[in-house]
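**Q**
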Amino acid sequence: MANETNVSEKPSTIQPEDRLWYAMMGAPAMTLSLFWMGWTDYPSISVWSPIVGSAFFGFGSICIFISSYMYIIDTYEVYAASALGFMTSSRYCVAGGMTVVGVPFYHNMGVHWTLTILGIISAILTPVPYILWKFGPVVRGWSRYAV
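Take 1 as the starting number for the sequence shown in the working numbering and just add one per residue.
The structure is reproduced here in structure tokens:
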């Protein structure tokens, strides 16, 4: 088992912000893929176009998840389990709420506009990894539990 003395014996030379590189690649890929899938879903366009767009969505979401988990672990070290628990619980609550909202939203707005609105939300959130990479030490300074 690792205890506090074992953790502090080998200080890491990698800053938590260095873990955001994957999110910095994945966030634009996710935004691009949402617009791509939303506006290539026509009968006149090959079915392969939205499928390729969904591959970019998968790439973006995996990059963002892995990067955010690594960032949280490196930021909170001994408190990482609590931080990851909160992050996962929040994600599940949002996902549960979206299942209630998502079906009527798709029925009323249609695939094109639903994915466009999600793409706009994603575009608004795309700069977050870049902002954290630039101002991460300042943001971490606001927490008494962060490294």
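Glycine is no exception: its CB is placed at the ideal position from the N, C-alpha and C atoms.
As the structure is a prediction and not an experimental result, all values here were calculated from the model.
Given this structure, state the Cα-to-Cα distance separating residue 106 from residue 118, to the nearest angstrom.
**A** If you take the alpha carbons of residue 106 and residue 118, they lie about 11 Å apart.
**Q** If you follow the alpha helix (DSSP H) that residue 27 is part of, which residue opens it and which one closes it?
**A** Here the alpha helix (DSSP H) through residue 27 covers 21-39.
**Q** Can you check which of these residues, 74, 63, 21, 29, is closest to residue 13 by C-alpha distance?
**A** Nearest C-alpha to residue 13: 74.
**Q** So, at 7 Å on beta carbons, what are the nonlocal neighbours of residue 19 in its own chain, with the 5 sequence-adjacent residues on each side left out?
**A** Result list for residue 19: 67, 70, 71, 74, in chain order.
**Q** Can you look up residue 45 in the DSSP assignment and give me helix, strand or coil?
**A** Note: residue 45 maps to coil in three-state DSSP.
**Q** Taking the beta carbon of residue 93 as the centre, do at least 16 other beta carbons fall within 10 Å, making it buried, or is it exposed?
**A** Classification for residue 93: exposed.
**Q** Are the beta-carbon atoms belonging to residue 64 and residue 26 less than 8 Å from one another?
**A** Taking 8 Å as the Cβ cut-off, residue 64 and residue 26 qualify as a contacting pair.
**Q** Exposed or buried, what is residue 16 when buried is set at 16 or more other beta-carbons lying within 10 Å of its beta-carbon?
**A** Residue 16 comes out buried.
**Q** Using 10 angstroms around the beta-carbon of residue 83, count the other beta-carbons present and answer buried if the total reaches 16, otherwise exposed.
**A** The residue in question, residue 83, is buried, as its Cβ has 16 or more Cβ neighbours within 10 Å.
**Q** If you measure between the beta carbons of residue 30 and residue 90, is that distance less than 8 Å?
**A** No, the pair does not count as a contact, with Cβ atoms beyond the cut-off.
**Q** Decide if residue 33 is buried, meaning its Cβ has at least 16 other Cβ atoms within 10 Å, or exposed.
**A** Buried, because 16 or more other Cβ atoms sit within 10 Å of the Cβ of residue 33.
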